[in-house]
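Written below as structure tokens is the structure these notes are about.
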Amino acid sequence: MVANSRWTKRILVFLIFLVPSFLVVGSASAHKVMIFAWVEGDTVYTESKFSGGKRVKKGDVMVYDLKGNRLLKGKTSEQGEFSFKIPEKTAMKIVLLAGMGHRAEWTVPLEEIQGIASETSEITTNQSTIAKKPDKQTQSVSVTNLSPDDIQLAFEKALDKKLKPVMKKLAESQEHGPTVKDILGGIGYILGLVGVASYFHYRRKTKDLSKS
């Protein structure tokens, strides 16, 4: 019984040191911050929030190129939003500083910038062509030259660009740390194992004593 008591005390001491570590991890995860961005036209839009959904207010936003040169800086609004005109046709790294050491990054690849620029150029060219040739027959020919596959491909590309930041946002929103419920559940599971182990240990000791 003495050995069993000592063994149980060791488990309890282990739990005493384990519980605070779970709480520290949960607290740190609860304050995780994130920023995500997307391109529309000649403007980059960003939204910043903590993992619990709270908006980052008056957070510092720095925009760099991939060589580390700062292109511009600003602050998030009361809604955690910040937008800016594309300063250069280059990939950009957007850094959020939310105070208390909280930092997040988002990279806008060059493909997104170039894609938007080419789309804008095509729209401008088409509008110019239509303005010069407003004839209905010319317009109908231009439209009929687009096959269903071409239309579907253009639609899928546009849809993919719109959904890409949304999918990343959803993926990142799932990266939550352990909740209080998870922590308590884990502790309960460990205590259950301790109880089962103690029971079998006690039965074995009882059998040994009865045999002797």
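Under this note's numbering, think of the first position of the sequence shown as -16, with each following residue one higher.
For each residue, glycine too, the CB sits at the ideal point set by N, CA and C.
Opposing strand residues paired with residue i [DSSP bridges]
i    : result
R86  : L80
D48  : M75
I173 : None, per the DSSP bridge assignment.
Alpha-carbon spacing of residue i relative to residue j, whole angstroms
i    : j    : result
K37  : F138 : 34 Å
K40  : M75  : 22 Å
G178 : R186 : 12 Å
W89  : S130 : 37 Å
D133 : G51  : 39 Å
D136 : G175 : Per the sequence shown, residue 136 should be read as Leu rather than Asp. The alpha-carbon atoms of L136 and G175 are separated by roughly 57 Å.
G24  : I69  : 9 Å
G84  : L192 : 60 Å
E64  : G82  : 16 Å
Sub-7 Å separation of residue i and residue j beta-carbons
i   : j    : result
S34 : G42  : no
V46 : L54  : yes
V91 : A180 : no
D48 : T73  : yes
L80 : I18  : no
Rounded Cβ spacing between residue i and residue j (contact assumed at less than 8 Å)
i   : j   : result
F67 : V27 : 6 Å
Would you call the segment 54 to 61 and the segment 88 to 98 touching, i.e. three or more CB-CB distances under 8 Å? no
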